[in-house]
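**Student:** Next up is a structure, given as structure tokens.
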Amino acid sequence: MRGERPGPRRGGKMAARLSGGENRLVSLPLSRIRVIMKSSPEVSSINQDALFLTAKATELFVQYLASYSYKHGRGKEKNALTYSDLSHTAEECETFQFLAGISPVLQNYTRLISAQRIAVSISDMPTFKSFQLVKQDLKKMCQIMWLKKSHI
Amino acid sequence: MAERPEDLNLPNAVITRIIKEALPDGVNISKEARSAISRAASVFVLYATSCANNFAMKGKRKTLNAGDVLSAMEEMEFQRFIAPLKESLEVYRREQKGKKEARKDKDKKADSEEQDKSREDDNDDDDERMEEEEQNDEEEVDN
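Line by line, the protein sequences are chains C and D. Be aware that the first sequence starts at 113, since it is given in our numbering, and climbs by one per residue. Be aware that the second sequence starts at 235, since it is given in our numbering, and climbs by one per residue.
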């Protein structure tokens with residue numbers, strides 16, 4: 113039944129299939145990646161190559177974060193990847209430390225702060241080091257949030 | 235622009251598939267772990283964009299380019315991504331070039347139809363894929 117669409121949609125779909133099919137170069141939606149990138153206020157425009165590379169890098173990041181956390185985590189014994197494996201990674205591995213202060217905020221962010229504000233504070237940070245300062249502020253905010261909430 | 239916080243989320247089905255590809259078969263991924271990885275990925279995009287933008291600013295350019303993103307990876311200590319990224323970029327560029335040429339050929343045949351399509355491609359391509367994953371049946375009925 114699939115692919116039996118009437119009209120011009122079908123043509124577009126076929127073209128997409130042919131160029132990628134199952135082995136697409138990148139599986140994350142570029143349009144969504146662009147929205148996230150553009151939420152950074154100082155970014156004015158992004159060329160197509162930069163957009164593609166960011167999407168691809170994000171996929172590599174997801175795989176790296178997952179496999180690193182699994183290898184170094186406790187869930188391995190139970191054949192599982194758990195939240196605590198991930199938070200352990202964010203705390204212990206330097207490369208992933210930029211996630212440490214932020215992930216609890218993100219856990220709650222829909223309720224607590226607008227995404228725009230997170231985007232602004234992150235994009236204010238030119239390097240990893242200056243990130244630490246903001247991270248601490250975020251951590252404080254998190255702690256307040258944690259006190260108010262009983263679970264993730 | 236991201237107007238709602240949800241606009242910063244990445245599609246769960248795609249994220250889950252990517253995670254599964256990275257782990258041995260049969261590993262169970264808890265719901266919280268999925269959602270944490272998904273949000274971490276959004277933060278990664280913002281962090282990378284911010285770093286890349288600094289390189290563009292240093293070069294007095296307004297548009298982020300491939301070099302800026304690659305420099306950002308190095309700065310963020312994700313050097314390990316650079317080689318695979320360069321490889322896929324090459325394939326991507328070749329693919330895009332092929333698409334452009336295919337489009338030109340089609341243009342000659344059906345001018346107006348192609349315009350409709352390219353407009354649709356821009357909006358639909360990615361969203362469609364998300365829908366495909368999550369609500370395949372529904373989509374079929376709609377059509």
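Beta carbons: idealized from backbone N, C-alpha and C, even for Gly. Please read all numbers here as calculations on a predicted model, not as lab measurements.
CA-CA distance, H184 of chain C and R268 of chain D?
**Tutor:** By one-based count along the first sequence, residue 184 of chain C stands at place 72. By one-based count along the second sequence, residue 268 of chain D stands at place 34. Approximately 17 angstroms, taken between the alpha carbons.
**Student:** Who pairs with Q297 of chain D in a beta bridge, going by DSSP?
**Tutor:** By one-based count along the second sequence, residue 297 of chain D stands at place 63. Reading off the sequence shown, one finds Thr at residue 297 of chain D, where the question assumed Gln. According to DSSP, which records beta bridges pairwise, T297 of chain D is partnered with C:S157.
**Student:** Are three or more beta carbon pairs between the stretch 274 to 285 of chain D and the stretch 185 to 193 of chain C nearer than 8 angstroms?
**Tutor:** no
**Student:** Beta-carbon of I158 of chain C versus every beta-carbon of chain D: anything under 8 angstroms?
**Tutor:** Against the first sequence, residue 158 of chain C aligns to sequence position 46. Chain D, which has a Cβ nearer than 8 angstroms to the Cβ of I158 of chain C, makes this yes.
**Student:** Under 7 angstroms from any heavy atom of the ligand PLP, does the C-beta of S305 of chain D make it?
**Tutor:** Annotation note on the ligand PLP: not contained in the displayed structure, which lists no ligands.
**Student:** Answer yes if the stretch 247 to 262 of chain D comes into contact with the stretch 148 to 159 of chain C, meaning at least three C-beta pairs across the two stretches below 8 angstroms, and no otherwise.
**Tutor:** The stretch 148 to 159 of chain C, when compared against the stretch 247 to 262 of chain D, does not touch it at the 8 angstroms Cβ threshold.
**Student:** If you count every other CB in all the chains shown that lies within 10 Å of the CB of L244 of chain D, and 16 or more means buried, which is it?
**Tutor:** If you number the second sequence from 1, residue 244 of chain D lands on position 10. Buried, by the Cβ-count rule.
**Student:** Using a 10 Å radius around the Cβ and a threshold of 16 neighbouring Cβ atoms, would you call P141 of chain C buried or exposed?
**Tutor:** Residue 141 of chain C sits at position 29 when you count from the first residue of the first sequence. P141 of chain C should be labelled buried.
**Student:** Rounded to the nearest angstrom, what separates A336 of chain D and R328 of chain D at their Cα positions?
**Tutor:** The count along the second sequence starts at 1 and reaches residue 336 of chain D at position 102. The count along the second sequence starts at 1 and reaches residue 328 of chain D at position 94. Each residue's alpha carbon lies about 12 angstroms from the other.
**Student:** Could you please tell me which residues of the stretch 323 to 340 of chain D, in chain order, have their CB closer than 8 angstroms to any CB of chain C?
**Tutor:** L323, V325, Y326, R327, E329, Q330, G332, K333 and A336
**Student:** Please go through the same chain and pick out, in chain order, the residues whose beta-carbon is closer than 8 angstroms to the beta-carbon of T170 of chain C, but skip the five residues on each side of it.
**Tutor:** Taking the first residue of the first sequence as position 1, residue 170 of chain C is located at position 58. Counting only Cβ-Cβ distances below 8 angstroms, and skipping sequence neighbours, we find L140 and I145.
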